[in-house]
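Engineer:
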Amino acid sequence: MVFDSWTAFFHMGNYGVYVWSAYGLGALALVGLGLDTLISRRKELNKLKKRYIRESKS
Numbered sequence: 001m002v003f004d005s006w007t008a009f010f011h012m013g014n015y016g017v018y019v020w021s022a023y024g025l026g027a028l029a030l031v032g033l034g035l036d037t038l039i040s041r042r043k044e045l046n047k048l049k050k051r052y053i054r055e056s057k058s
């Protein structure tokens, strides 16, 4: 598909709203999954550190 201008590219034959919102929601989901993974990893590492400290004192 060839577009005459950047405006035509962003409008995509009046389907631009649907196309770009789908890309936006997909990107938002990926960012959310990445953040969730980082937060979960940090929590698990903290639990392991506390467990290690607790068990090393025994």
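Number 30 in full-length UniProt numbering belongs to position 30 of the sequence shown; there are no gaps in the numbering. Built from N, CA and C at the ideal position, the CB exists for glycine as well.
#1: Could you tell me whether the Cβ atoms of Met12 and Val2 are closer together than 8 Å?
#2: Within a Cβ cutoff of 8 Å, which residues of the same chain sit near Phe10, ignoring the five residues on either side of it in sequence?
#3: Does DSSP put Asn14 in a helix, in a strand, or in coil?
#4: Could you tell me the alpha carbon to alpha carbon distance between Tyr23 and Leu38, rounded to whole angstroms?
#5: Have a look at Val31 and Arg42 and give me their C-alpha separation to the nearest angstrom.
#6: Give the straight-line distance between the Cα atoms of Leu35 and Ile53, rounded to the nearest whole angstrom.
Structural biologist: Answer, in terms of the structure:
#1: Contact flag unset, no.
#2: Closer than 8 Å at Cβ, skipping near neighbours: Gly16 and Trp20.
#3: Here Asn14 carries a coil assignment [DSSP, helix/strand/coil].
#4: Taking the straight line from one Cα to the other gives about 23 Å.
#5: Taking the straight line from one Cα to the other gives about 17 Å.
#6: Distance between the alpha carbons of Leu35 and Ile53 is about 27 Å.
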